[in-house]
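Participant: Could you have a look at this structure, given as structure tokens, before my questions?
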Amino acid sequence: MAKSKTRFFCRECGQESMRWLGRCPGCGEWNTFIEEPVEKTSRKDVRGAAQATPLTDIRTMEGLRMDTGSTELNRVLGGGVVAGSFILLSGEPGIGKSTLFLQIARSLSLQTDVLYVSGEESLQQIKLRADRMDVSSAKIHILAENSLENIRSEVLDKNYKVLFIDSIQTMVLEELQSAPGSVSQVRESAAFLLRLAKEFEITVFLVGHVTKEGAIAGPRVLEHMVDTVLYFEGDQHHIFRLLRAVKNRFGPANEIGVFEMSGKGLVEVVNPSLLFMGDRSRSMAGSAIAVTMEGTRPLLVEIQALVTSSVFVPPRRTANGMDYHRLLMLLAVLEKRAGFSLSTRDVFVNIAGGLQIDEPAADLAVIASIMSGLKEKPLGRTVLIGEVGLTGEIRGVSQIDQRLKEAEKFGFSECIIPKVNAPKIENSTYRIFPVQTIGDVLEILF
7 MAKSKTRFFC RECGQESMRW LGRCPGCGEW NTFIEEPVEK TSRKDVRGAA QATPLTDIRT
67 MEGLRMDTGS TELNRVLGGG VVAGSFILLS GEPGIGKSTL FLQIARSLSL QTDVLYVSGE
127 ESLQQIKLRA DRMDVSSAKI HILAENSLEN IRSEVLDKNY KVLFIDSIQT MVLEELQSAP
187 GSVSQVRESA AFLLRLAKEF EITVFLVGHV TKEGAIAGPR VLEHMVDTVL YFEGDQHHIF
247 RLLRAVKNRF GPANEIGVFE MSGKGLVEVV NPSLLFMGDR SRSMAGSAIA VTMEGTRPLL
307 VEIQALVTSS VFVPPRRTAN GMDYHRLLML LAVLEKRAGF SLSTRDVFVN IAGGLQIDEP
367 AADLAVIASI MSGLKEKPLG RTVLIGEVGL TGEIRGVSQI DQRLKEAEKF GFSECIIPKV
427 NAPKIENSTY RIFPVQTIGD VLEILF
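At position 65 of the sequence shown the residue is numbered 71 (my numbering), and the sequence of numbers has no breaks.
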């Protein structure tokens, strides 16, 4: 009996090797190579050579978008679901991926027949969730199956135009000997579904599991194959969920949609800024409001800071919701350029509501909240927008008009902004304070 051939694959990026390697040459990760059997098989569905088509004769699918029934989801996808698109949804276990899929299926079933395939749950389990969410439609068909060959036959026989797969890690191609969820199975299964989507213009929604580090499980090539990569974010301590598009061939990337988890499923949040601002009925020291951009959406975010005397050497620095190293940089700038010594103080910074921000435009609000906490002086109803440089200068930000309009909707009347942005403001009822340096900011606030 001939010995089956094996190869070594990197769990992180899918790099292939004839032998085991301690460090992957593709992604640089250590101890990620696993051995899997491989078997070369001849493809039965070989098509003839493709013919080139003039660009002007190609029919676009931009106008063939389907309404998901959710304003937030439509925003994230760029205006709706494009026919024939391949969409990957990933997130932590229990975050609500299957719940979101059922809600999308309910809306799309009003327009076409939908096939929902699960390799993880039985038909009865899916029915129980659907009953809880009041999802009931004769056009939603459920299939408990993990063989992609059988799924393809079902899709083509019944002419489904929308396919949900939950999840790619449970799907198998029978021609491969490796186990479900292995690097080769995930890669080839995704390629199989990609051909199905593009050849027959079938919209495919795909659930992808995540690793303990939060990355999508399986080879990196999976994210390159799909048209759209969506991350469902949130945690068990907050009822809201963020749906973020980190890749989108049919719309803007980094767009977010905000949902609230309820007993009936996910409910879209119309004014997400209310979630992240907290109660502003009374002003407290150590709190500042920033306006960050998430994709094309401006969000008002409350940044809280607590400054206390330290009994530790060195003093503690804690950042929750922002980059820790950026906090250290801002503290160094504050000490060097503004002359405030924080070497004997513990500094704790928190982004209210559990939001994660990485935009430099929030720098000014972070520094203002720290100084407010240090001096025990509230900032009132003032919004701060601006990036802080290492020399203490306040650098300009993009989309300043959109940020100001969002703050104005919630009753804020004063705003400190970079001086370079001041000439770009149009028709604002704000009281604007243009600043060039940290010193200018501290003079206005304190």
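We treat Cβ as the ideally placed atom computed from N, Cα and C, and that holds for glycine.
Where does E41 land, buried or exposed, given buried means 16+ other C-beta within 10 angstroms?
Facilitator: The residue given as residue 41 occupies position 35 in the sequence shown. Under this definition E41 is an exposed residue.
Participant: What residues in its chain sit with their C-beta under 8 angstroms from that of E393, if we drop five residues either side in the sequence?
Facilitator: As a position in the sequence shown, residue 393 is number 387, starting the count at 1. The residues are P366, A367, D369, L370, I400, R401, G402, V403, P424.
Participant: Can you grab the Cα-Cα spacing for the pair L129 / A150, in whole Å?
Facilitator: Within the sequence shown, the letter at position 123 stands for residue 129. Within the sequence shown, the letter at position 144 stands for residue 150. Those two C-alpha atoms are separated by around 6 angstroms.
Participant: What ranges does the alpha helix (DSSP H) occupy inside the stretch 88-141, keeping only unbroken runs of at least 4 residues that lie completely in it?
Facilitator: 103-114, 129-138
Participant: Which class does Y237 belong to by DSSP, given the choice of helix, strand or coil?
Facilitator: Sequence index remark: in the sequence shown, residue 237 carries index 231 (1-based). Strand.
Participant: Classify L410: buried if its beta carbon has 16 or more other beta carbons within 10 angstroms, exposed otherwise.
Facilitator: By one-based count along the sequence shown, residue 410 stands at place 404. When all chains shown are included, L410 counts as buried.
Participant: What separation, rounded to the nearest whole angstrom, lies between the Cα atoms of D233 and F256?
Facilitator: By one-based count along the sequence shown, residue 233 stands at place 227. By one-based count along the sequence shown, residue 256 stands at place 250. About 8 angstroms.
Participant: Where K167 and G100 are concerned, what is the direct C-alpha to C-alpha distance, given to the nearest angstrom?
Facilitator: Working through the sequence shown from its first residue, we reach residue 167 at position 161. Working through the sequence shown from its first residue, we reach residue 100 at position 94. Whole-angstrom Cα-Cα distance: 28 angstroms.
Participant: DSSP puts P304 in a beta bridge; with which residues?
Facilitator: Taking the first residue of the sequence shown as 1, we reach residue 304 at position 298. According to DSSP, P304 bridges with M299.
Participant: Measure the Cβ-Cβ separation of T176 and E126 and say whether it is below 8 angstroms.
Facilitator: Numbered from its first residue, the sequence shown carries residue 176 at position 170. Numbered from its first residue, the sequence shown carries residue 126 at position 120. Yes; because the gap between Cβ atoms is below 8 angstroms, this pair is in contact.
Participant: Can you round the beta-carbon distance between T350 and S378 to whole angstroms, since I take them to be within the 8 angstroms contact cut?
Facilitator: For the purposes of this step, residue 350 is identified with residue 344 of the sequence shown, where counting begins at 1. For the purposes of this step, residue 378 is identified with residue 372 of the sequence shown, where counting begins at 1. That pair is no contact at about 19 angstroms.
Participant: Considering only C-alpha positions, which residue in the set S143, Q117, F452 is nearest to S375?
Facilitator: Numbered from 1 along the sequence shown, position 369 holds the residue referred to as residue 375. Of the candidates S143, Q117, F452, the one whose C-alpha sits nearest the C-alpha of S375 is F452.
Participant: Do E180 and S153 count as a contact pair if the criterion is CB distance below 8 angstroms?
Facilitator: For the purposes of this step, residue 153 is taken as residue 147 along the sequence shown, with counting starting at 1. For the purposes of this step, residue 180 is taken as residue 174 along the sequence shown, with counting starting at 1. Yes, the Cβ-Cβ distance between S153 and E180 is below 8 angstroms.
Participant: Give the DSSP bridge partners of M290, in chain order.
Facilitator: Here residue 290 refers to the residue found at position 284 when the sequence shown is read from its first residue. DSSP output for M290 lists no bridge partner at all.
Participant: Just to confirm the assignment: which complete beta strand (DSSP E) runs, minimum length 3, are found wholly within the stretch 163-202?
Facilitator: Unbroken beta strand (DSSP E) runs of no fewer than 3 residues, entirely contained in the stretch 163-202, are found at 168-172, following chain order.
Participant: Grab me the residues of C487's own chain with a C-beta within less than 8 angstroms of its C-beta, minus the 5 sequence neighbours each way, in chain order.
Facilitator: What is shown of the chain runs 7 to 452, which leaves residue 487 out entirely.
Participant: Can you round the beta-carbon distance between R112 and V88 to whole angstroms, since I take them to be within the 8 angstroms contact cut?
Facilitator: Against the sequence shown, residue 112 aligns to sequence position 106. Against the sequence shown, residue 88 aligns to sequence position 82. So it is not a contact: roughly 19 angstroms between Cβ atoms.
Participant: Exposed or buried, V52, counting other C-beta atoms within 10 Å across all chains shown (16 or more means buried)?
Facilitator: Position 46 of the sequence shown, counted from the first residue, corresponds to residue 52. Low confidence applies to V52: its pLDDT is 48, below 50, so where it sits in the model is not reliable enough to give any reading.
Participant: Note down the Cα distance separating V44 from M231, rounded to an integer number of angstroms.
Facilitator: The residue you call residue 44 lines up with position 38 of the sequence shown. The residue you call residue 231 lines up with position 225 of the sequence shown. Their backbone Cα atoms lie some 21 angstroms apart in a straight line.
Participant: Give the straight-line distance between the Cα atoms of L312 and R322, rounded to the nearest whole angstrom.
Facilitator: Translated into the one-based positions of the sequence shown, residue 312 becomes position 306. Translated into the one-based positions of the sequence shown, residue 322 becomes position 316. Approximately 11 angstroms, taken between the alpha carbons.
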